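Count along the sequence shown from 1, then add 100; that gives the number in our numbering.
Heads up, the beta-carbon is just placed ideally off N, CA and C, and yes, glycines get one too.
Keep in mind that this is a model prediction, so the values were computed, not measured.
Everything on this sheet refers to the single structure shown next.
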Amino acid sequence: MNYDIAIIGVGPAGIQAGIHASRRKNKVILFGKVSESALWHAHLENYFGFEEKVKGKELLSAGIKQLERAGVTIVEEDIVKIEPLEKGFKLITEREKEFTALALILAIGIKEEKIFFKREKDFIGKGISYCVDCDAWFYKGKRVVVIGDGSSAIWGAKFLTQFATEVFFYFSKGELSSEEKKKLVEKGVKVLTQKPVEIIGETEVEGIKLDDGSVLKVDGIFIEQGAKGTLELLAPLGVELDAENFNYVKVDRKMKTSVDGIFACGDITGPPLQVAKAVGEGCIAGLSASDYINKIKGEN
Ligand SMILES: Cc1cc2nc3c(=O)[nH]c(=O)nc-3n(C[C@H](O)[C@H](O)[C@H](O)COP(=O)(O)OP(=O)(O)OC[C@H]3O[C@@H](n4cnc5c(N)ncnc54)[C@H](O)[C@@H]3O)c2cc1C
Numbered sequence: 101m102n103y104d105i106a107i108i109g110v111g112p113a114g115i116q117a118g119i120h121a122s123r124r125k126n127k128v129i130l131f132g133k134v135s136e137s138a139l140w141h142a143h144l145e146n147y148f149g150f151e152e153k154v155k156g157k158e159l160l161s162a163g164i165k166q167l168e169r170a171g172v173t174i175v176e177e178d179i180v181k182i183e184p185l186e187k188g189f190k191l192i193t194e195r196e197k198e199f200t201a202l203a204l205i206l207a208i209g210i211k212e213e214k215i216f217f218k219r220e221k222d223f224i225g226k227g228i229s230y231c232v233d234c235d236a237w238f239y240k241g242k243r244v245v246v247i248g249d250g251s252s253a254i255w256g257a258k259f260l261t262q263f264a265t266e267v268f269f270y271f272s273k274g275e276l277s278s279e280e281k282k283k284l285v286e287k288g289v290k291v292l293t294q295k296p297v298e299i300i301g302e303t304e305v306e307g308i309k310l311d312d313g314s315v316l317k318v319d320g321i322f323i324e325q326g327a328k329g330t331l332e333l334l335a336p337l338g339v340e341l342d343a344e345n346f347n348y349v350k351v352d353r354k355m356k357t358s359v360d361g362i363f364a365c366g367d368i369t370g371p372p373l374q375v376a377k378a379v380g381e382g383c384i385a386g387l388s389a390s391d392y393i394n395k396i397k398g399e400n
């Protein structure tokens, strides 16, 4: 499944990028879940063209219809890994499907910071980690638990089985689907049904207390909320991030990042975190990525 341009993120930035890139006759694919956009639950009063308050959900749904009409493929899955190829990039989804594209547009928004345990910040670097990719190696031969509510946690638990001797998993957002549970169990992950409620340990993590009062001994706790964010997805590709805030990516006026063929737009490029800016940048990113494709295909 080869595409010219892969857009990661189905918010206003990604949708607008898709609209502009597809009008330049590129083969475009979009990844992500529209209901996870920051705009989904918001109401807008400061966006051009609407006299009355407009629901974010309505704006997004209309955008999706525009994309579908333009023939853009939408895959409602998160991307868990991006690998550079000799020409372009390989993208791996949460259900382990693989796609390739010559150019990438990153429109993943920013992650809301969520705390799971009251004392978790006291244990950062002492058994608490927010990045499986970065820290899995330190838990070789140890026992870990992964706690999370989305694709990055599920992927992380499976990945950690290559390092840790025992991997436990707690899904913090309702029930896991039977398909996801089966895949975790097949990899040797032990799925917890009791909710972790407290970190056990004085200065370092020694375990977790569950809501039935039992204690599970672990050396590490990985907290992975939502989908993979800026740091986890992009740092391995060498994309330069904002030195003061690793949620943000550095771009120039053409929405180019520091890596050839990778563009970014929307909240991920920094404030103001507004729909008008996301849409404007999405337009530029879509056009810049199209120019890039034309250049590498030698059509210009
Ligand atoms: C409560 C609230 C009220 C707001 N009110 C206003 C307002 O009045 N006016 C205004 O202009 N702005 C408002 N905003 C801000 C506005 O919603 C954002 O600026 C805008 O949605 C940013 O668009 P974006 O496309 O960059 O990111 P988002 O809309 O957040 O979209 C990001 C997309 O990326 C996807 N994604 C993330 N990680 C991955 C991954 N690994 N793989 C695949 N997909 C991924 C997400 O699922 C989502 O689809 C409000 C926001 C909130 C939360």
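For a quick check, are the C-beta atoms of residue i and residue j less than 7 Å apart?
i      : j      : result
Asp178 : Ala327 : yes
Leu204 : Ala113 : no
Gly256 : Phe322 : yes
Val375 : Tyr103 : no
Lys290 : Ile300 : no
Ile129 : Thr173 : yes
Ala170 : Gly386 : no
Phe216 : Ile254 : no
Ser251 : Glu194 : yes
Gly188 : Ala201 : yes
Leu160 : Val134 : yes
Phe259 : Met101 : no
Ser388 : Arg124 : no
Ile182 : Leu337 : yes
Lys404 : Asp249 : Lying outside 101 to 400, the shown extent of the chain, residue 404 is not represented and no answer is given.
Ile362 : Asn126 : no
Leu316 : Gly329 : no
Taking 6 Å as the cut-off, is the C-beta of residue i nearer than that to any heavy atom in ligand 2?
i      : result
Gln325 : Of the ligands this structure carries, namely ligand 1, none is ligand 2.
Excluding the 5 residues preceding and the 5 following residue i in the sequence, name in chain order all residues of the same chain whose CB lies nearer than 6 Å to its CB.
i      : result
Glu340 : Lys350 and Ser358
Ala264 : Tyr239, Lys242 and Val244
Gln166 : Ile119
Ile384 : Met355
Lys406 : Outside the shown range of the chain (101 to 400) lies residue 406, about which nothing can therefore be said.
Lys157 : Trp140
Gly382 : Ala113, Gln116, Ala117 and Cys365
Val154 : Leu144
Gly163 : Ile115
Leu292 : Phe268 and Tyr270
Cys231 : Glu332
Glu298 : Lys309
Glu220 : Ile228
Lys214 : Gln325
Leu373 : Asp367
Ala378 : Pro112, Ala113 and Gly366
Who does residue i pair with in a DSSP beta bridge?
i      : result
Val175 : Phe131
His143 : Lys155
Val180 : Note: Val180 sits in no beta bridge, so no partner.
Asn102 : Thr200
Thr193 : Ile179
Ile115 : Answer is none; Ile115 lacks a bridge partner.
Val349 : Leu341
Val266 : The question names Val, but residue 266 in the sequence shown is Glu. Arg243.
Ile107 : Leu130 and Ile205
Ile215 : Answer is none; Ile215 lacks a bridge partner.
Lys356 : Phe363
Phe271 : Gly248
Grab me the residues of residue i's own chain with a C-beta within less than 7 Å of its C-beta, minus the 5 sequence neighbours each way, in chain order.
i      : result
Asp319 : Gly227, Tyr239, Lys242, Arg243, Val244 and Val305
Gly132 : Ile108, Gly109, Val110, Gly114 and Asp178
Thr261 : Val267, Lys287, Gly288 and Val289
Glu280 : Ile254
Ala142 : Gly156
With a cut-off of 8 Å on the beta carbons, I'd call residue i and residue j a contact; round off their distance for me.
i      : j      : result
Leu206 : Ile368 : 6 Å
Asp233 : Glu324 : In fact, because the Cβ distance is near 10 Å, the residues do not count as touching under 8 Å.
Lys211 : Asn347 : 7 Å
In chain order, what residues of the same chain lie with their CB nearer than 8 Å to the CB of residue i, ignoring the 5 residues before and after it?
i      : result
Ser450 : Any property of residue 450 remains undetermined from this structure, which presents the chain solely from 101 to 400.
Val285 : Val291
Asp342 : Tyr348, Val349, Lys350 and Gly370
Within 7 Å (strictly less), CB to CB, does residue i reach chain C?
i      : result
Asp311 : The displayed structure is made up of one protein chain only, and chain C is not part of it.
Completely contained beta strand (DSSP E) runs for the region 287–344, where each covers 3 or more residues: 296–300, 307–310, 315–317 and 320–324
What are the start and end residues of each continuous alpha helix (DSSP H) run of 4 or more residues lying completely inside the region 222–253, in chain order? 232–235
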